[in-house]
Amino acid sequence: MSDIDIRAAIMEELGNIAPEADLAAVKPAADLREALDIDSMDFLNFVIALHRRLGLDIPEIDYPKLVTLEGAVAYLTAKAGRR
Amino acid sequence: MVDFRMPSLGADMEAGTLVEWLVKPGDKVKRGDVVAIVETQKGAIEIETFEAGEIEQILVDLNAKVPVGTSLARIRTELEPTAGLPKAAVAPPTAVVPPIPPPSITPAPPPSAGPVLPQPVLPVPAAPVPSVAGRMRASPAARRLAEQRRIDLASVTGTGTVGAILRADVERHPGPTPSAPKRAIGLDLDAMRTAIAAAMARSKREIPHYYLEHQVDVTGCEQWLARTNAAQPPESRLLLGALLIKAVALATRRFQAFNGFYSDGKFEPSPAVHIGVAIAIRGGGLAAPALHDTDQLALDDLMTRMRDLVQRMRAGRIRGSELSDPTITVSSLGERGVEALYGVIYPPQVAIVGFGKVVVRPWVIDGAIGPRSIVTVTLAADHRVSDGHAGALFLADIGHLLQEPDEL
Chain A
126 MSDIDIRAAI
136 MEELGNIAPE
146 ADLAAVKPAA
156 DLREALDIDS
166 MDFLNFVIAL
176 HRRLGLDIPE
186 IDYPKLVTLE
196 GAVAYLTAKA
206 GRR
Chain B
1152 MVDFRMPSLG
1162 ADMEAGTLVE
1172 WLVKPGDKVK
1182 RGDVVAIVET
1192 QKGAIEIETF
1202 EAGEIEQILV
1212 DLNAKVPVGT
1222 SLARIRTELE
1232 PTAGLPKAAV
1242 APPTAVVPPI
1252 PPPSITPAPP
1262 PSAGPVLPQP
1272 VLPVPAAPVP
1282 SVAGRMRASP
1292 AARRLAEQRR
1302 IDLASVTGTG
1312 TVGAILRADV
1322 ERHPGPTPSA
1332 PKRAIGLDLD
1342 AMRTAIAAAM
1352 ARSKREIPHY
1362 YLEHQVDVTG
1372 CEQWLARTNA
1382 AQPPESRLLL
1392 GALLIKAVAL
1402 ATRRFQAFNG
1412 FYSDGKFEPS
1422 PAVHIGVAIA
1432 IRGGGLAAPA
1442 LHDTDQLALD
1452 DLMTRMRDLV
1462 QRMRAGRIRG
1472 SELSDPTITV
1482 SSLGERGVEA
1492 LYGVIYPPQV
1502 AIVGFGKVVV
1512 RPWVIDGAIG
1522 PRSIVTVTLA
1532 ADHRVSDGHA
1542 GALFLADIGH
1552 LLQEPDEL
């Protein structure tokens, strides 16, 4: 799976959580929780959705790597490549 | 014969609009079945019956707005003899939750139809009916499936009796509608703001609040969560919020002056603990539906139900009993925001517990200073029912319970 596919998956799942947000305007290094007003329950649902969709193990200890858009793409791409 | 009435779904509700019947005369219902959908200021609410039996007669037409307490339908209960039908071998309903009495400001009008006349089946429109006021007729199963598949119900052709969309209709649908509106139907944020304003203004007018706060070390909870969650897939992981709610539920069982309803000049403690979980709605709304029997739920079950409650609330699909019967409210800021939250009691409840965000602070343990994770827990309670002394013990008990996450 390419990083383009992974980015698309991330964007779509974020869109499900924050339907009113302008995702294109979110800076790659911005904290998604602040930029999209995501609470811990939303974030957990985001992780659950990515886990189901991509089939990747996302341990809780790695959550800090997922809090920015660029971080999430890099982390999940690396995970997918290692399978 | 019992009446199925327009329930009161909160202190602020005076009337509701019946937008969908999910039953027709002759249908069998059991306690807890959703029989109708009512549009209120809090959105479209699924209304359950508290009685089992057979729908005898429907008394209110679609899209009629009627006051709380109005008879909507008649249900022939299972204990009553039915002509030509063998009596079902079902035990009489036990521990039935009484229907919520209408608030005194809105006297229940007499039933609109005569008392005993046998009534023919309610007139059913012959042709498929277009959706009314943007709302589609669709079965709950169809709605659920459509939402899962992100299909706009407006693009589905219904083949049900009155043009209603059935699950099979959604299954036949090719796929998600491009640019379908993502905002959930049934949630009107302006109306919700009006409802919040009415309830909170009443609270501040009538309830003499007193406030207490307490700092609780939740480092142990965080360590326990990290250990527990490490071995779990994401959908089985717990959030600190689940521990906080369970601790309040257990403390509430011991301190009954904070759990129940104040009405007509006196307090009725509730034997059951139904924690109202304050849920923020994106775009600016708030509701606090109940997690039923919170004190009886194991943590993983509590977590699953809390996730489900949040998702259904945000999707505008909440049940009437969940809105009307919280016995105490918990409001938690989560991991962002500020350190303390002072709640406003939701009448007729008598207490609200608030949790701020967790912060790392220098803390003294065994004579040495070290960094610990601290959460500020607050209590706003009704001085007509309890005093600061009892409130302090209640808050302290919540703090103690959070020191032993294994026991929650």
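Here the protein sequences come in this chain order: A and B.
The first sequence finishes on residue 208 if you use my numbering, and the numbering steps up by one all the way, no holes.
The second sequence finishes on residue 1559 if you use my numbering, and the numbering steps up by one all the way, no holes.
No residue lacks a Cβ here, since even glycine has one placed at the ideal position from N, Cα and C.
Since we're looking at a predicted model, the values are computed, not measured.
query, result
"Under 7 Å between C-beta atoms, does glycine 1485 of chain B make it to chain A?", "yes"
"Per DSSP, threonine 1228 of chain B forms a beta bridge with which residues?", "B:Gly1204"
"So, does the CB of methionine 166 of chain A fall closer than 7 Å to a CB anywhere in chain B?", "yes"
"Buried or exposed for glycine 1539 of chain B, please, with buried defined as at least 16 other CB atoms from any protein chain shown within 10 angstroms of its CB.", "exposed"
"Do you know how far the Cα of valine 1526 of chain B is from the Cα of isoleucine 1516 of chain B?", "16 Å"
"Alpha helix (DSSP H) containing lysine 1417 of chain B: first to last residue?", "Where lysine 1417 of chain B is concerned, there is no enclosing alpha helix (DSSP H), although the beta strand (DSSP E) it sits in stretches over 1417-1420."
"Closest Cβ-Cβ distance between leucine 137 of chain A and chain B: below 7 Å?", "The sequence shown places glutamate at residue 137 of chain A, rather than the leucine named in the question. So no, glutamate 137 of chain A is outside the interface."
"For lysine 204 of chain A, I'd like the list of residues in its chain whose CB is within less than 7 Å of its CB, leaving aside the five on either flank, ordered along the chain.", "Leu181"
"In terms of DSSP beta bridges, what is proline 1513 of chain B paired with?", "B:Pro1522"
"Do leucine 1530 of chain B and leucine 1553 of chain B have their C-beta atoms within less than 7 Å of each other?", "no"
"Leaving out five residues on either side along the sequence, give the residues of the same chain with a beta carbon under 6 Å from the beta carbon of tryptophan 1172 of chain B.", "Ala1187"
"Quick one: what's got a C-beta closer than 6 Å to arginine 1227 of chain B's C-beta in the same chain, skipping five residues either side?", "Met1152, Gly1204, Glu1205 and Glu1207"
"Please classify serine 1475 of chain B as buried or exposed, where buried requires at least 16 other C-beta atoms within 10 Å of its C-beta.", "buried"
"With 16 other CB atoms within 10 Å as the buried threshold, where does serine 1290 of chain B fall?", "buried"
"Among A:Ala199, A:Tyr188 and A:Leu161, which one has its Cα closest to the Cα of glycine 1130 of chain B?", "The structure shown does not extend to residue 1130 of chain B, since chain B is modelled only from 1152 through 1559, so no value can be given for it."
"Would a check of beta-carbon distances place isoleucine 173 of chain A closer than 7 Å to chain B?", "yes"
"Please report the distance separating the alpha-carbon of isoleucine 1520 of chain B from that of valine 1528 of chain B.", "22 Å"
"Are serine 1472 of chain B and glutamate 1197 of chain B close, meaning C-beta to C-beta below 7 Å?", "no"
"Quick one: residues in its chain with C-beta nearer than 6 Å to the C-beta of aspartate 156 of chain A, no 5 flanking neighbours on either side, listed in chain order?", "Val192"
"According to DSSP, is lysine 1181 of chain B helix, strand or coil?", "coil"
"Nearest chain B C-beta to alanine 155 of chain A closer than 7 Å, yes or no?", "no"
"Buried or exposed: where does glutamine 1383 of chain B fall if 16 or more other Cβ atoms within 10 Å of its Cβ makes it buried?", "exposed"
"Just mark alanine 1502 of chain B as buried or exposed, buried being the case when its beta carbon has 16 or more other beta carbons within 10 Å.", "buried"
"Can we say the segment 158-173 of chain A touches the segment 1479-1492 of chain B, given the rule of at least three CB pairs closer than 8 Å?", "yes"
"With valine 1424 of chain B and aspartate 1446 of chain B assumed to form a contact (beta carbons below 8 Å), what rounded beta-carbon distance in angstroms separates them?", "4 Å"
"Residues of chain B with CB closer than 9 Å to the CB of proline 189 of chain A, please, in chain order.", "Neighbours of proline 189 of chain A on chain B: none; closest Cβ ~12 Å, over 9 Å."
"Expressed to the nearest angstrom, what Euclidean distance is found between the alpha-carbon atoms of glutamate 1364 of chain B and serine 1414 of chain B?", "27 Å"
"Between which residues of its own chain and proline 1405 of chain B is the CB-CB distance below 7 Å, once the five residues before and five after are set aside?", "Checking the sequence shown, residue 1405 of chain B turns out to be arginine, not proline. If we look at arginine 1405 of chain B and ignore the five residues flanking it on each side, its Cβ neighbours are Asp1548."
"Quick check on the DSSP output: what are the complete alpha helix (DSSP H) runs of length 4 or more inside the segment 141-177 of chain A, in order along the chain?", "157-160"
"Please work out which residues of its chain come closer than 6 Å, Cβ to Cβ, to alanine 143 of chain A, disregarding the five sequence neighbours upstream and downstream, and give them in chain order.", "Leu161"
"My output table needs one value for tyrosine 1497 of chain B: the three-state DSSP class, helix, strand or coil.", "coil"
"Report all residues from its chain with a CB closer than 8 Å to the CB of leucine 1437 of chain B; omit the five preceding and five following residues, and keep chain order.", "Met1343, Ile1347, Ala1429, Ile1430 and Ala1431"
"Mapping the DSSP letters down to three states, classify glutamate 185 of chain A as helix, strand or coil.", "helix"
"Buried or exposed, going by whether 16 or more other CB atoms sit within 10 Å of the CB of glycine 206 of chain A?", "exposed"
"Given this structure, state the Cα-to-Cα distance separating arginine 1535 of chain B from methionine 1351 of chain B, to the nearest angstrom.", "17 Å"
"Alpha carbon to alpha carbon, how far is alanine 1215 of chain B from threonine 1168 of chain B?", "6 Å"
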